[in-house]
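Heads up: the structure comes next, in structure tokens.
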Amino acid sequence: MRVAICGAGVIGAAIAYYLSRRGAEVIVLERRGVACAASSKAGGFLALDWCRGSALDPLARRSFLLHAALPKEIGADWGYRRVATYSGFAIGDGNGAVRRNAALNWVSHRVTVAGRIGSPRTTALVDPGAFTAAMMRAAQDRGAVLRLGQVTGVTRTTDASAVTGVDVAGETIAADAVVIAMGPWSVLAAAWLPLPPVFADKGHSVLFQTGSDIPAEAL
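Take 60 as the starting number for the sequence shown in the numbering used here and just add one per residue.
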């Protein structure tokens with residue numbers, strides 16, 4: 060089976076790896092590069108049971124277990140580590156008052172730690188960009204092909220009952236199945252296929268270089 064995956068973010072890379080591991084012929088199409096958008100800027104936070112009671116709970120639990128197994132399976136380092144997780148809050152009171160945190164000595168004294176909400180058994184972290192790149196390399200090691208180019212549409216059978224490939228820079232790439240994994244740009248695919256629209260929320264990530272002494276904790 061030949062599968063065209065549109066998007067080389069974390070979802071596209073993971074699908075490419077698992078399909079190639081099962082023997083599919085995989086081609087990943089990406090406009091700019093692997094993990095070039097949200098997949099390299101996300102928090103990389105993993106939680107086992109924070110979706111308890113929702114429809115996402117089985118997926119979250121399965122994902123957490125897969126993340127734990129993948130470093131040994133692939134043999135790459137993307138900073139996977141189990142962490143204790145805490146909640147906290149900061150209030151700007153304007154008078155310079157400080158709050159001490161005996162539990163977390165790396166947290167600003169102007170932050171109050173409310174309590175622990177996850178343990179190393181239930182929460183973990185990865186470097187999302189490194190993880191995505193490693194998954195793509197693992198897929199390529201199993202025969203997947205990464206090609207840069209912008210997907211502009213899909214091709215169909217004459218009766219439009221099935222998709223037969225994708226259009227990339229004036230060329231048609233044949234495929235038995237097409238996966239749309241373009242993150243917020245998946246909204247473009249709603250013009251090609253009857254898909255629900257996907258919209259993005261803008262967010263911000265701030266990275267701090269804290270040296271080599273980094274405790275296995277998250278706030």
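Beta carbons: idealized from backbone N, C-alpha and C, even for Gly.
### Task
Specify the secondary structure class of isoleucine 44 as computed by DSSP and reduced to three states.
Residue 44 lies beyond the range of the chain shown here (60 to 278); nothing can be said about it.
### Task
Determine the closest residue to serine 245 out of Tyr77, Glu89, Ala83, with distance taken between C-alpha atoms.
When each option's Cα is compared against that of serine 245, the closest is Glu89.
#### Entry: alanine 83 vs methionine 60 beta-carbon contact at 7 Å
For the pair alanine 83 and methionine 60, the CB atoms are nearer than the 7 Å cut-off.
### Message
Restricting to Cα atoms, I'd like to know which of Gly112, Ser178, Val170 is closest to phenylalanine 104.
### Response
Nearest neighbour of phenylalanine 104 by Cα position, chosen from Gly112, Ser178, Val170, turns out to be Ser178.
### Start and end residues, beta strand (DSSP E) containing tyrosine 145
Note, tyrosine 145: beta strand (DSSP E), 143–149.
### Given alanine 97 as reference, the closest of Thr231, Gly242, Asp186 once Cα atoms are compared
Ranking the options by Cα distance to alanine 97, first place goes to Gly242.
### Query
leucine 107 by DSSP, collapsed to three states: which one?
Of the three classes helix, strand and coil, the one that applies to leucine 107 here is coil, per DSSP.
### Task
Look at the alpha carbon of valine 69 and the alpha carbon of methionine 194, and state the distance between them as a whole number of angstroms.
Rounded to whole angstroms, the separation of the alpha carbons of methionine 194 and valine 69 is 8 Å.
### Message
Tell me whether the region 116–136 and the region 180–197 touch, counting them as touching only if at least three CB pairs, one residue from each stretch, are closer than 8 Å.
### Response
Using a C-beta cut-off of 8 Å, the region 116–136 makes contact with the region 180–197, since at least three inter-stretch Cβ pairs fall below that distance.
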